[in-house]
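Notes to accompany the following structure.
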């Protein structure tokens with residue numbers, strides 16, 4: 253697969269990270285916080301929520317895209333004959349995910365402690381109120397270090413997805429190997445049956461056994477199993493993406509239809525609401541198919557590739573992880589400080605720009621050094637095993 257094709261997906265990740273930023277800014281306002289629960293204060297908000305425009309502020313679906321993309325990208329080395337030793341892979345993955353995560357959690361914790369007493373949530377939503385809301389306890393700090401889903405929202409709630417990503421990364425190479433070695437039907441059967449048994453088993457245990465204070469950990473493992481499905485789907489797509497190369501020669505109108513279908517499916521939660529179906533997991537499964545179709549479209553559309561490989565979009569993709577990590581503390585500091593001197597709406601608008609700026613800084617000072625350090629440490633394992 254050509255390098256620029258991967259770059260186009262990286263750009264898609266950057267756009268998704270920006271969507272998450274916009275989402276967290278919008279739901280700080282009561283009108284949008286109510287809208288995500290389909291309680292509309294006016295027709296304009298209803299239109300923004302139920303129309304395809306919802307994809308521009310669909311935070312949850314953007315995170316699902318991250319999961320699918322991770323599965324896709326992590327499978328490519330194996331498909332290209334560049335499979336890494338497990339020790340090398342997991343070391344790089346640890347430094348790639350955990351080090352920037354723990355650095356930004358430390359920064360977020362310090363900022364929360366310093367600024368929370370100055371926060372004024374008057375007129376804002378419960379989502380905003382829940383951030384930097386109370387003292388950070390020792391138990392919370394230990395949970396942050398161990399990547400346990402406890403008291404995250406108070407400091408930097410977006411890292412919930414990184415906990416799942418780190419856990420799934422541990423077992424992912426074994427699943428990807430099955431997909432790589434077996435044909436579609438055999439690998440799908442083995443993985444789906446294995447996944448279903450794990451999902452049902454973990455949820456059964458959580459519902460029948462009282463784990464007491466550890467229930468928050470065991471319950472969260474069930475969510476990890478659920479989200480692993482999105483990684484596995486990305487891995488399958490990576491192996492069979494060439495089956496859809498015929499789309500490159502199709503008429504632009506056909507490609508537009510494919511793109512439109514992808515957007516509609518990603519916006520499944522709103523579509524299901526309009527036909528009277530309320531569900532948590534069904535919209536995510538439908539959105540998964542939308543994300544897969546979106547990837548197929550991007551990788552087979554010259555126009556999409558040209559647009560997504562423009563320098564500003566490429567840069568956004570490059571700093572997407574840093575943007576994801578840094579935007580909550582930036583939003584909070586900006587709105588706490590500037591919200592007292594300018595209209596709060598403009599403080600949030602400014603926070604979006606400052607988040608992008610901060611992402612560039614964090615990328616240079618934290619993310620890149622972490623990646624390089626991971627490569628150096630992993631090479632030590634390689635030399636030690638020779």
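Residue numbers (my numbering): 253 to 638. Just so you know, even glycine gets a beta-carbon here, dropped at the ideal spot from N, CA and C. Keep in mind that this is a model prediction, so the values were computed, not measured.
Legend entry - residue 265 burial status per 10 Å Cβ neighbour count (16 or more: buried): Looking up residue 265 in the chain shown gives position 13. Buried.
Legend entry - Span of the alpha helix (DSSP H) around residue 261: Locating residue 261 in the chain shown gives position 9, counting from the first residue. Per DSSP, residue 261 belongs to the alpha helix (DSSP H) from 255-278.
Legend entry - residue 281, DSSP secondary structure in three states: Sequence index remark: in the chain shown, residue 281 carries index 29 (1-based). It is a strand residue.
Legend entry - Meets three-Cβ-pair contact criterion under 8 angstroms: the region 578-596 and the region 541-561: no
Legend entry - Where residue 334 falls, given that 16 or more other Cβ within 10 Å makes a residue buried: Counting from 1 along the chain shown, the entry for residue 334 is found at position 82. When all chains shown are included, residue 334 counts as exposed.
Inset, instruction - Please classify residue 631: is it buried, with 16 or more other beta-carbons within 10 angstroms of its beta-carbon, or exposed? - result: Working through the chain shown from its first residue, we reach residue 631 at position 379. Flag for residue 631 reads exposed.
Inset, instruction - Using beta-carbon positions only, say whether residue 268 and residue 572 come within less than 9 angstroms of one another. - result: As a working mapping, residue 268 is identified with position 16 in the chain shown. As a working mapping, residue 572 is identified with position 320 in the chain shown. Result yes, Cβ atoms of residue 268 and residue 572 sit closer than 9 angstroms.
Legend entry - residue 329: first and last residue of the uninterrupted alpha helix (DSSP H) it sits in: Locating residue 329 in the chain shown gives position 77, counting from the first residue. Taken as a continuous stretch (DSSP letters only), the alpha helix (DSSP H) holding residue 329 covers 311-331.
Inset, instruction - Within its chain, find whatever has a CB closer than 7 angstroms to the CB of residue 587; leave out the 5 residues flanking it on each side and keep chain order. - result: Taking the first residue of the chain shown as position 1, residue 587 is located at position 335. Within the same chain, residue 587 has close Cβ partners 596, 599, 600 and 603.
Inset, instruction - On a CA-only basis, which of 377, 545 and 536 is nearest residue 280? Give me that one, please. - result: Counted from its first residue, the chain shown places residue 280 at position 28. The residue with the shortest Cα to Cα distance from residue 280 is 377.
Inset, instruction - Measure the C-alpha to C-alpha separation of residue 568 and residue 574 and round it to an integer number of angstroms. - result: In the chain shown, the residue the question calls residue 568 occupies position 316. In the chain shown, the residue the question calls residue 574 occupies position 322. About 10 angstroms.
Inset, instruction - Leaving out five residues on either side along the sequence, give the residues of the same chain with a beta carbon under 7 angstroms from the beta carbon of residue 293. - result: Here residue 293 corresponds to residue number 41 of the chain shown, with the count starting at 1. Hits under 7 angstroms: 283 and 286.
Inset, instruction - Identify whether residue 376 lies in helix, strand or coil by the three-state DSSP scheme. - result: The sequence position of residue 376 within the chain shown is 124, counting from 1. Note: residue 376 maps to strand in three-state DSSP.
Legend entry - Top-ranked residue by Cα proximity to residue 633, from 329, 316 and 341: Residue numbering aside, residue 633 sits at position 381 when the chain shown is read from its first letter. For residue 633, the nearest C-alpha among the options comes from 341.
Inset, instruction - Give every residue of the same chain whose Cβ lies closer than 7 angstroms to the Cβ of residue 277, excluding the five residues on either side of it in the sequence, and list them in chain order. - result: To locate residue 277, count along the chain shown from 1; it is residue 25. Result list for residue 277: 583, 600, 603 and 604, in chain order.
Inset, instruction - Determine the burial state of residue 408: buried for a count of at least 16 other Cβ atoms within 10 Å of its Cβ, exposed for fewer. - result: What you label residue 408 is simply residue 156 of the chain shown in a count that begins at 1. Around the beta carbon of residue 408, 16 or more other beta carbons lie within 10 angstroms, which makes this residue buried.
Inset, instruction - Could you spell out the range, first to last residue, of the alpha helix (DSSP H) harbouring residue 481? - result: The residue given as residue 481 occupies position 229 in the chain shown. Start and end: 467-492.
Legend entry - At least three beta-carbon pairs within less than 8 angstroms, the region 480-499 to the region 542-551: yes
Inset, instruction - Taking residue 584 as part of the alpha helix (DSSP H), name the residues at either end of that continuous run. - result: Counting from 1 along the chain shown, the entry for residue 584 is found at position 332. Per DSSP, the unbroken alpha helix (DSSP H) holding residue 584 starts and ends at 572-590.
Legend entry - Counted within 10 angstroms of its Cβ, other Cβ atoms place residue 256 as buried (16 or more) or exposed: As a working note, residue 256 is residue 4 in the chain shown. Low per-residue confidence applies at residue 256: pLDDT is 40, beneath 50, and the placement is therefore not dependable enough to give any value.
Inset, instruction - At 4 residues or longer, and completely inside the region 383-431: list those alpha helix (DSSP H) runs for me, N to C. - result: 390-398 and 404-408
Legend entry - Segment limits, alpha helix (DSSP H) that includes residue 345: Looking up residue 345 in the chain shown gives position 93. Per DSSP, residue 345 belongs to the alpha helix (DSSP H) from 338-367.
Inset, instruction - Please go through the same chain and pick out, in chain order, the residues whose beta-carbon is closer than 8 angstroms to the beta-carbon of residue 443, but skip the five residues on each side of it. - result: Here residue 443 refers to the residue found at position 191 of the chain shown. Result list for residue 443: 427, 430, 431 and 484, in chain order.
Inset, instruction - Might you give, ordered along the chain, the residues of its own chain that have their beta carbon closer than 6 angstroms to the beta carbon of residue 347, omitting 5 neighbours on each side? - result: Numbered from 1 along the chain shown, position 95 holds the residue referred to as residue 347. These residues qualify, in order along the chain: 622, 625 and 626.
Inset, instruction - Taking the CB atoms as reference points, tell me whether residue 415 and residue 354 lie closer together than 9 angstroms. - result: Within the chain shown, the letter at position 163 stands for residue 415. Within the chain shown, the letter at position 102 stands for residue 354. It is not a contact, given that the beta carbons lie outside the stated cut-off.
Inset, instruction - Count the other CB atoms, across all protein chains shown, that sit within 10 Å of the CB of residue 401; report buried if there are 16 or more and exposed otherwise. - result: Taking the chain shown and counting its residues from 1, one reaches residue 401 at position 149. With 16 or more other Cβ atoms within 10 Å, it is buried.
Inset, instruction - Quick one: residues in its chain with C-beta nearer than 8 angstroms to the C-beta of residue 372, no 5 flanking neighbours on either side, listed in chain order? - result: By one-based count along the chain shown, residue 372 stands at place 120. 588, 591 and 592.
Inset, instruction - Specify whether the region 475-483 and the region 450-457 touch according to this definition: at least 3 beta carbon pairs, one from each stretch, less than 8 angstroms apart. - result: yes
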